[in-house]
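Q:
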Amino acid sequence: MLRQFVPDLFVKSIFDIDLQALQARGIKGIVTDLDNTLVEWNAPDATPKLVQWLDRVREHGFQVCIVSNNDATRVESFAKPLGLPCIADAKKPRRGAFEQALAMIGANQHDTVMIGDQIFTDIAGGNRMGMFTILVAPISQEEWIGTRFTRKVEHVVLNLLRKKGLITWQR
Ligand SMILES: [Mg+2]
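In this text, residue positions in the sequence shown follow numbering that gives the first Met the number 0: the first is 0, and each later residue adds one.
#1: With DSSP as the reference, label L18 as helix, strand or coil.
#2: Quick one: is the Cβ of T46 within less than 6 Å of any heavy atom of ligand 1?
#3: What are the boundary residues of the alpha helix (DSSP H) that includes T149?
#4: Ordered along the chain, which non-local residues of its own chain (more than five positions away) have a Cβ less than 6 Å from that of I29?
#5: Where R2 and L165 are concerned, what is the direct C-alpha to C-alpha distance, given to the nearest angstrom?
#6: Which same chain residues, not among the five before or five after K151, have their C-beta less than 7 Å away from its C-beta?
#7: So A100 and I86 are supposed to be a Cβ contact under 8 Å. How far apart are they, rounded?
#8: At a threshold of 6 Å, does N35 count as lining ligand 1 (C-beta to nearest heavy atom)?
#9: Pick helix, strand or coil for M130, following the three-state DSSP scheme.
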């Protein structure tokens, strides 16, 4: 029951992800959350550091797709300038958007990683799909009001996971 919320890997930020190690695992696709994973919640544009990171990701041959529960206006205006495919109103953790994303980048769940900052949407959804899952610490404390409540519950679950020895890291 609780295992669905356990990521395969936790890192502080996307910039700490070892791309070579992902390649060594046979990972070809990257499905990533947007808000508080790639940039601060609702930040309209990519930072120069993110643009550089995405270039590096593409040089490594990864196919990337943004999957966000935020609305289409926000998600598309962010993804288009970067030339990235995206899915908005994704309703994570439901399977639909994940399946759509895999089809868009021509990958399957076994060779794709899901990256995100929330265990109930990004990690639970990715795990349910059988994807490799990476949890990142949220970039900022600023969040949508609904998420602020979710964070409190998330905190409780993370403490429980730690007590049970299912995770050892601190966010
Ligand atoms: Mg997020």
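Glycine residues also receive a C-beta, built at the ideal position from the N, C-alpha and C atoms. Everything numeric in this text was worked out from a predicted model, so none of it was measured.
A: Let me lay it out:
#1: helix
#2: no
#3: 144–162
#4: F61, V63, V112
#5: 8 Å
#6: none
#7: 6 Å
#8: yes
#9: coil
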